[in-house]
Each structure stands twice: as C-alpha cells, then as structure tokens.
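Residue numbers (my numbering): 20 to 58.
Data first, discussion second: the structure below is written as structure tokens.
This is the structure we're talking about:
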C-alpha cells in the first residue's frame with residue numbers, strides 16, 4: 020500500500036509582511052513559513 024500526504028507551507032501570520040522593492044508583492048526572503056492549519 021502506498022500513501023501520499025500533501026501539505027502546503029503558508030506564511031506565518033505572526034510574521035511581518037514587507038513589500039518588495041517594486042511594491043507589487045511581499046518579500047518572501049524574510050518571511051517565516053509553517054504548515055497550513057488545515058493540512
């Protein structure tokens with residue numbers, strides 16, 4: 020039997036979201052990620 024478990028990493032909501040230099044998205048380099056609560 021083979022079992023596959025899918026999980027998704029999401030940004031930690033306690034982390035500080037900083038926009039990138041263009042101001043179009045978040046700078047993902049400084050974000051902390053964690054496992055999605057629903058996974």
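Each residue gets a CB set at the ideal place from its N, CA and C atoms; glycine is no exception.
Note that this is a predicted model, so its numbers are computed, not measured.
Checklist entry - With respect to the beta strand (DSSP E) encompassing residue 53, which residues constitute its N-terminal and C-terminal limits? => result Here residue 53 is taken as the residue at index 34 of the chain shown, counted from 1. That run of the beta strand (DSSP E) goes 52 to 54.
Next on the checklist: Could you give the first and the last residue of the continuous beta strand (DSSP E) run that contains residue 29?
Outcome noted: Residue mapping note: residue 29 aligns to position 10 of the chain shown, counting from 1. 28 to 30 is the extent of the beta strand (DSSP E) around residue 29.
Checklist entry - Who are the near neighbours of residue 45 in its chain, counting only those whose CB is closer than 8 Å to its CB and skipping five residues on each side? => result For the purposes of this step, residue 45 is taken as residue 26 along the chain shown, with counting starting at 1. The beta carbon of residue 45 sits closer than 8 Å to those of 30, 36, 37, 38 and 39, all from its chain and outside the five residues before and after it, given in chain order.
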